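**Q** Handing you a structure now.
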Amino acid sequence: MIPLLGARLTEIAGVQAGDDVLDVAAGTGNAALPAAATGAKVTAVDITVELLRAGSERARNAGLDIRWVHGDAHALPLRDSSFDRVISCVGVQFCADPPTTAAELLRVCRPGGWVALIAWTREGFIGQVLSAVAKATSVVSSIWSPLDWGSEEKVSLLMAQQVEPIAFGREHALMAAESAAGWVDYMADAYGPLVRARTALASRGEWDALRLRLIQIASAHGQGTGGKFSARAEYLTAVMRRHAQPNPRTDPKVRG
Ligand SMILES: C[S@@+](CC[C@H](N)C(=O)[O-])C[C@H]1O[C@@H](n2cnc3c(N)ncnc32)[C@H](O)[C@@H]1O
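To convert, take the position in the sequence shown, counting from 1, and add 230; that gives the working numbering.
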């Protein structure tokens with residue numbers, strides 16, 4: 231549903247031939263593939279082995295050389311300061327602990343290197359879908375929510391002490407299907423958070439209520455052209471540069 235976002239992230243991150251690029255929570259390489267197509271040296275890390283396998287096959291078919299690494303974004307199995315650009319396309323947004331994930335993105339980024347992210351906003355279409363899913367499944371959240379990655383203020387709090395001012399933007403991805411109900415049913419079959427919700431709620435007879443709520447949300451965002459469903463889903467772009475020198479005020483390693 232979001233193939234264009236990976237190419238967009240590669241563009242806003244300024245990925246160039248020869249860069250060492252890390253795509254975190256890369257899935258099947260939605261951002262890793264277009265990044266590698268620029269001639270960058272790309273590493274793609276994800277916690278889901280099946281997605282890495284599918285990504286590896288996609289890259290092989292496209293003639294692209296990407297290093298696929300199985301790992302958790304909360305404890306990346308990668309050296310400090312080893313990448314020029316660290317990117318994540320609606321990826322770190324799905325990691326449970328935002329402060330730990332933010333620290334890992336910064337740790338593996340070279341001083342003076344770039345971190346660029348795309349994340350669904352809380353107010354946008356997908357943000358509302360994810361909020362409804364969290365409410366229906368009674369996910370007990372910490373003080374941080376995954377949707378905080380879609381907020382300028384929260385991303386600043388997560389990253390600001392170790393990066394230059396952050397360039398934010400709000401853009402939209404187009405979602406399309408035969409109907410609002412068709413879109414929800416497709417997502418409930420194919421999109422991790424909805425698949426998990428449907429599996430958990432169906433056994434308690436509660437899935438139909440959430441499905442109806444999601445169809446309402448989708449219908450409210452539908453733009454309805456030619457009887458088909460299409461909706462604009464807002465996402466945040468954030469591009470930031472890691473400080474070139476460690477900051478003695480905020481970096482524990484140099485505080486002494
Ligand atoms: C919505 S998908 C996005 C995938 C890809 N970036 C894209 O644009 O299609 C979210 C991804 O986050 C991965 N993920 C979730 N928790 C993770 C974690 N703790 N560490 C690494 N990857 C994780 C999932 O396996 C999944 O591939």
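Cβ atoms here follow ideal geometry from the backbone N, Cα and C, with glycine treated the same way. Note that the structure is a prediction, hence the values are computed from the model and not measured.
Is the beta carbon of aspartate 310 within less than 7 Å of some heavy atom of ligand 1?
**A** Checking the Cβ of aspartate 310 against ligand 1 gives no.
**Q** Can you tell me whether valine 245 is buried or exposed? The criterion is at least 16 other CB atoms within 10 Å of its CB, across all chains shown.
**A** Per the 10 Å Cβ criterion, buried.
**Q** Put proline 482 into one of helix, strand or coil per three-state DSSP.
**A** Residue placement at proline 482 is flagged as unreliable, the pLDDT there being 49, under the threshold of 50; the coordinate-derived value follows with that caveat. Proline 482 falls in the helix class under three-state DSSP.
**Q** State the DSSP-derived secondary structure class of tryptophan 374, mapped to helix, strand or coil.
**A** Coil at tryptophan 374, not helix or strand.
**Q** In chain order, what residues of the same chain lie with their CB nearer than 8 Å to the CB of histidine 490, ignoring the 5 residues before and after it?
**A** No answer is possible for residue 490: it lies beyond the span of the chain, which begins at 231 and ends at 486.
**Q** Evaluate isoleucine 373 with the Cβ neighbour count: other Cβ atoms within 10 Å of its Cβ, from every protein chain shown; 16 or more gives buried, anything less gives exposed.
**A** With fewer than 16 Cβ atoms within 10 Å of its Cβ, isoleucine 373 is classed as exposed.
**Q** What's the call for tyrosine 336, buried or exposed, on a 16-neighbour Cβ count within 10 Å?
**A** According to the sequence as given, residue 336 is leucine; it is not tyrosine. Leucine 336 should be labelled buried.
**Q** Just list the residues that DSSP pairs serine 318 with in beta bridges.
**A** Looking at the DSSP assignment, serine 318 forms a beta bridge with Leu347.
**Q** When you compare only the Cα positions, how much space is there between aspartate 276 and arginine 283?
**A** Taking the straight line joining both Cα atoms gives about 10 Å.
**Q** At a cut-off of 7 Å, would you count glycine 236 as near ligand 1, judging by its Cβ distance to the nearest heavy atom?
**A** Glycine 236 Cβ: within cutoff of ligand 1.
**Q** Can you tell me the Cβ-Cβ gap for glycine 285 and glycine 301, rounded? I've got them flagged as a contact below 8 Å.
**A** Not really, about 14 Å apart at Cβ, beyond 8 Å.
**Q** Report all residues from its chain with a CB closer than 8 Å to the CB of proline 482; omit the five preceding and five following residues, and keep chain order.
**A** Since pLDDT at proline 482 reaches only 49, below the 50 mark, its modelled position is unreliable, and the value read off the structure follows with that caveat. Nothing listed; no residue qualifies.
**Q** What residue does the beta strand (DSSP E) around leucine 404 start on, and which one ends it?
**A** That run of the beta strand (DSSP E) goes 397-407.
**Q** Buried or exposed, going by whether 16 or more other CB atoms sit within 10 Å of the CB of serine 368?
**A** That one is exposed.
**Q** Can you tell me whether threonine 429 is buried or exposed, with buried defined as 16 or more other CB within 10 angstroms of its CB?
**A** Exposed, because fewer than 16 other Cβ atoms sit within 10 Å of the Cβ of threonine 429.
**Q** If you compare alpha carbons, which of Ala292, Val322, Val338 and Leu294 is closest to serine 312?
**A** Taking only the C-alpha atoms, the option nearest serine 312 is Val338.
**Q** Thinking C-alpha only, which one of Ala262, Thr351, Val322 and Glu382 is nearest proline 395?
**A** It is Glu382.
**Q** If you follow the alpha helix (DSSP H) that alanine 265 is in, where does it begin and where does it stop?
**A** Unbroken alpha helix (DSSP H) run through alanine 265: 262-267.
**Q** What residue range is occupied by the uninterrupted alpha helix (DSSP H) comprising phenylalanine 324?
**A** Element bounds for phenylalanine 324: n/a, residue is neither H nor E.
**Q** Quick one: give me the first and last residue of the alpha helix (DSSP H) that valine 414 is part of.
**A** Taken as a continuous stretch (DSSP letters only), the alpha helix (DSSP H) holding valine 414 covers 410-420.
**Q** Is threonine 278 a contact residue of ligand 1, with contact defined as CB to any heavy atom under 7 Å?
**A** Within the cutoff, so yes.
**Q** What would DSSP say about proline 307, mapped onto helix, strand or coil?
**A** Coil, per DSSP.
**Q** Taking 8 Å as the cut-off, decide whether the C-beta atoms of methionine 417 and serine 460 are in contact.
**A** Contact: no.
**Q** Under the criterion of a Cβ to heavy atom distance below 7 Å, does glycine 257 qualify as lining ligand 1?
**A** For ligand 1, at least one heavy atom lies less than 7 Å from the Cβ of glycine 257.
**Q** What does DSSP give as the partner residues of serine 460 in its beta bridges?
**A** Answer is Ala406.
**Q** Would you kindly report the start and end of the unbroken alpha helix (DSSP H) that includes alanine 292?
**A** Counting along the chain, the alpha helix (DSSP H) containing alanine 292 begins and ends at 279-292.
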